[in-house]
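Asks: Take a look at this one; I'll ask things after.
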Amino acid sequence: MASNLQLRGSRPAFAASRRNAVVVNARLATRRIAPPSAAKVKEAEQAVLSALASVKGRGASGMDVVNQELLNVAVEVLERDGGVPGPTTLPQLDGRWKLLYTSRPGSASPIQRTFVGVEAFKVFQEVELTGDLPRVNNVVDFGWWLGYLKVEAEASIETRPLPGFTPRRGAGLPLFGKSFAYPPVRANSRIDFQFDKAAFYIKLLPWTIPYPVPFRILGDERKGWIDITYMDEDATLRIARGNKGTLFILAKDLPVADLKGQLLAAIEAQDEPKILSAVALMEASNPTQRPAKSRLVSGTWRLLWSQQAEDASPLQKWGSSQSKNYQVIDAKAGTLENVVDLGVTKVRAQATCKAVSDTRTDVAINGAGLYTGPLKVPLGVQGTGYVDWLYLDEGLRITRGSKGSLFVHVKDDQAKL
Numbered sequence: 019m020a021s022n023l024q025l026r027g028s029r030p031a032f033a034a035s036r037r038n039a040v041v042v043n044a045r046l047a048t049r050r051i052a053p054p055s056a057a058k059v060k061e062a063e064q065a066v067l068s069a070l071a072s073v074k075g076r077g078a079s080g081m082d083v084v085n086q087e088l089l090n091v092a093v094e095v096l097e098r099d100g101g102v103p104g105p106t107t108l109p110q111l112d113g114r115w116k117l118l119y120t121s122r123p124g125s126a127s128p129i130q131r132t133f134v135g136v137e138a139f140k141v142f143q144e145v146e147l148t149g150d151l152p153r154v155n156n157v158v159d160f161g162w163w164l165g166y167l168k169v170e171a172e173a174s175i176e177t178r179p180l181p182g183f184t185p186r187r188g189a190g191l192p193l194f195g196k197s198f199a200y201p202p203v204r205a206n207s208r209i210d211f212q213f214d215k216a217a218f219y220i221k222l223l224p225w226t227i228p229y230p231v232p233f234r235i236l237g238d239e240r241k242g243w244i245d246i247t248y249m250d251e252d253a254t255l256r257i258a259r260g261n262k263g264t265l266f267i268l269a270k271d272l273p274v275a276d277l278k279g280q281l282l283a284a285i286e287a288q289d290e291p292k293i294l295s296a297v298a299l300m301e302a303s304n305p306t307q308r309p310a311k312s313r314l315v316s317g318t319w320r321l322l323w324s325q326q327a328e329d330a331s332p333l334q335k336w337g338s339s340q341s342k343n344y345q346v347i348d349a350k351a352g353t354l355e356n357v358v359d360l361g362v363t364k365v366r367a368q369a370t371c372k373a374v375s376d377t378r379t380d381v382a383i384n385g386a387g388l389y390t391g392p393l394k395v396p397l398g399v400q401g402t403g404y405v406d407w408l409y410l411d412e413g414l415r416i417t418r419g420s421k422g423s424l425f426v427h428v429k430d431d432q433a434k435l
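Per my numbering, the very first residue in the sequence shown carries number 19; after that it's consecutive.
Rendered as structure tokens:
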């Protein structure tokens with residue numbers, strides 16, 4: 019993945035997210051380093067989402083060392099910036115957020131350890147702070163055919179304190195995970211909560227199954243808090259730290275159609291920061307689980323936008339700048355052809371292709387030429403590389419090449435090539 023974020027050596031991954039929570043927040047509160055530039059913040063947002071794209075079980079299965087450290091550095095940049103001020107006062111915070119990653123330290127509760135790491139489940143947090151009764155609910159979706167678990171909590175924030183509520187104090191019982199007690203780093207960034215009800219909603223049953231935890235007799239053990247340490251201005255990416263030292267990274271659960279609309283609008287406006295943000299969010303919401311091996315790969319794809327790596331080939335850079343640039347793939351036959359349509363003349367590069375993993379296709383270019391009617395001028399282009407599939411659906415794909423170039427294509431099977 020192309021990024022200018024600097025790695026800090028080979029020290030253990032996620033060290034910052036696993037430190038004592040007091041140390042983490044004290045560091046943020048006392049830091050005198052100048053805030054990062056807007057460009058660095060956007061780059062860090064993209065780095066976080068890209069690093070998490072291949073993570074299984076929201077972090078339970080671990081990450082490779084490079085992505086672990088990249089994530090650590092990017093999170094630190096975003097937390098130093100802080101994002102929008104006073105996030106708990108903003109109506110944009112309300113909505114359904116998808117959990118992308120949790121550091122899941124040893125202090126996490128048994129319930130959290132049980133469900134969060136299961137890749138087959140989806141985990142959401144529903145934030146409702148502007149309604150009649152502010153709430154924060156955690157939802158584990160077991161699949162459309164089975165049902166879900168919903169754990170509900172009353173919420174209390176600075177501008178809307180819960181009547182009669184006393185925030186949690188003390189470390190609590192080891193069985194439920196050690197809790198920390200320190201003030202929020204910034205004003206209007208903390209959500210205090212207390213769980214009050216929960217149940218399993220099973221699709222095949224006409225009734226709910228009560229959650230086997232008696233919240234009302236647990237006292238402080240049913241209470242907790244979440245500090246929002248970063249939220250972007252569009253309220254699509256959020257970083258939070260919980261009272262048990264856990265780092266959470268969440269993305270707003272927007273319909274894929276909305277994300278595609280944001281991407282296409284940003285491309286039309288040539289707003290590269292927004293393009294990259296939309297790409298990263300779509301990568302995290304890829305509807306095709308094994309894109310490189312999907313039937314959707316085959317077809318004629320028209321290049322809509324690209325970001326070329328510095329060491330991309332001159333032919334690729336030139337071709338990507340042309341308005342009629344296509345890629346024709348026949349996955350079953352294992353062939354791929356790049357076509358730049360110049361009107362009377364076409365530039366064609368032929369290649370073989372093969373899916374070597376669920377998300378990667380190897381490509382070997384074996385020839386290229388200029389074609390004008392029956393005439394052909396060979397270009398003598400050959401080479402090997404690969405394409406990583408970041409997003410794929412019936413009509414749009416996002417890929418990254420082996421040299422780091424980023425591409426957005428739309429399906430155009432009606433093109434006459």
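We put the beta carbon where it would ideally sit given N, CA and C, even for glycine. All values reported here derive from a predicted model rather than from experimental measurement.
#1: Starting from the C-beta of S316, find all residues in its chain whose C-beta is less than 6 angstroms away, skip the five residues before and the five after it, and write them out in chain order.
#2: CB G100 to CB D271, shorter than 9 angstroms?
#3: Would you mind working out which of L222, V169, F198 and A205 sits nearest P230, comparing C-alpha positions?
#4: State the start and end residues of the unbroken alpha helix (DSSP H) segment that holds P291.
#5: Just to confirm my understanding: we take A310, look at its own chain, exclude 5 residues before and 5 after, and list those with CB closer than 7 angstroms. What are they?
#6: Applying the criterion that 16 or more other CB atoms from any shown protein chain within 10 Å of the CB defines a buried residue, is E290 buried or exposed?
#7: Thinking just about the alpha-carbon of each residue, which of T363, Y404, Y119 and A216 is nearest to the one in T370?
#8: Find the nearest neighbour of S461 within the set R313, I416 and V274, judged by alpha-carbon distance.
#9: Name the DSSP bridge partner or partners of A324?
#10: Output the distance between the C-alpha atoms of A92 and L180, rounded to the nearest integer angstrom.
#11: Which whole runs of the alpha helix (DSSP H) in the segment 243–292 are 4 residues long or more, in chain order?
#12: For L393 and R418, I'd like the C-alpha separation in whole angstroms.
#13: Start and end of the beta strand (DSSP E) containing K168?
#14: On the criterion of 16 or more Cβ atoms from any shown chain inside 10 Å, does D431 qualify as buried, or is it exposed?
#15: Roughly how many angstroms lie between the CA atoms of L151 and R308, to the nearest whole one?
#16: Should the segment 230–240 be regarded as contacting the segment 262–280, the criterion being three or more beta carbon pairs within less than 8 angstroms?
#17: How long is the line joining the alpha carbons of H427 and D359, rounded to whole angstroms?
#18: Would you say the segment 102–113 touches the segment 200–213, given that touching needs at least three Cβ pairs under 8 angstroms?
#19: Is DSSP giving K241 helix, strand or coil here?
#20: Kindly give me the distance between the Cβ atoms of T318 and T120, rounded to whole angstroms, as I take these residues to be in contact under 8 angstroms.
#21: Within a Cβ cutoff of 8 angstroms, which residues of the same chain sit near R49, ignoring the five residues on either side of it in sequence?
#22: Quick check: the Cα distance between Y219 and F183, rounded to an integer number of angstroms?
#23: With DSSP run on the structure shown, which of helix, strand or coil describes D159?
#24: Quick one: give me the first and last residue of the alpha helix (DSSP H) that L96 is part of.
#25: Under the criterion of a Cβ to heavy atom distance below 8 angstroms, does A173 qualify as lining the ligand ZN?
#26: Any idea which residues DSSP pairs S214 with across the strands?
#27: CA-CA distance, F425 and D245?
#28: Would you give the residue range spanned by the beta strand (DSSP E) that A382 belongs to?
#29: Could you have a look at K116 and say whether DSSP puts it in helix, strand or coil?
#30: Where P185 and P192 are concerned, what is the direct C-alpha to C-alpha distance, given to the nearest angstrom?
#31: Kindly give me the distance between the Cβ atoms of G165 and K215, rounded to whole angstroms, as I take these residues to be in contact under 8 angstroms.
Replies: If we stick to the structure as given:
#1: Counting only Cβ-Cβ distances below 6 angstroms, and skipping sequence neighbours, we find I347, D348 and A349.
#2: Cβ atoms of G100 and D271: not closer than 9 angstroms.
#3: Taking only the C-alpha atoms, the option nearest P230 is V169.
#4: Counting along the chain, P291 sits inside the alpha helix (DSSP H) bounded by residues E290 to A302.
#5: Only A373, S375, D376, T377, R378, T379 and W407 meet the Cβ criterion.
#6: Counting Cβ neighbours within 10 Å, E290 comes out exposed, since fewer than 16 surround it.
#7: It is Y404.
#8: Any property of residue 461 remains undetermined from this structure, which presents the chain solely from 19 to 435.
#9: Position check: residue 324 holds Ser in this sequence, whereas Ala was assumed. Answer is F425, bridged to S324.
#10: Roughly 34 angstroms between the two C-alpha positions.
#11: Counting only unbroken stretches of 4 or more residues, the alpha helix (DSSP H) elements lying wholly within the segment 243–292 are 274–286, in sequence order.
#12: A direct Cα-to-Cα measurement between L393 and R418 gives close to 33 angstroms.
#13: Element bounds for K168: G165 to S174.
#14: Around the beta carbon of D431, fewer than 16 other beta carbons sit within 10 angstroms, so the residue counts as exposed.
#15: For L151 and R308, the distance between alpha carbons rounds to 42 angstroms.
#16: With a cut-off of 8 angstroms, the segment 262–280 and the segment 230–240 do not count as touching, because too few Cβ pairs lie within range.
#17: Straight-line spacing of the CA atoms in H427 and D359 works out to 15 angstroms.
#18: As far as the Cβ criterion goes, the segment 102–113 touches the segment 200–213, which means the pair count is three or higher.
#19: Note: K241 maps to strand in three-state DSSP.
#20: No, T318 and T120 are not in contact; Cβ-Cβ is about 41 angstroms, not under 8 angstroms.
#21: Summary for R49: the model assigns pLDDT 46, below 50, so the residue's position carries little reliability; its value from the coordinates is reported in the next sentence. If we look at R49 and ignore the five residues flanking it on each side, its Cβ neighbours are R98.
#22: Going from the Cα of Y219 to the Cα of F183 covers about 29 angstroms.
#23: Residue state, collapsed to three classes: strand.
#24: Element bounds for L96: V83 to D99.
#25: Absence of the ligand ZN from the depicted structure is noted, as is the absence of any ligand whatsoever, leaving it without description.
#26: Before going further, note that residue 214 is Asp rather than Ser in the sequence given. Per the DSSP secondary-structure output, D214 pairs with nothing in a beta bridge.
#27: Straight-line Cα distance between these residues: approximately 36 angstroms.
#28: Its beta strand (DSSP E) spans residues R378 to T390.
#29: Residue state, collapsed to three classes: strand.
#30: In a straight line, the C-alpha of P185 is about 19 angstroms away from that of P192.
#31: About 17 angstroms separates the two Cβ atoms, so there is no contact after all.
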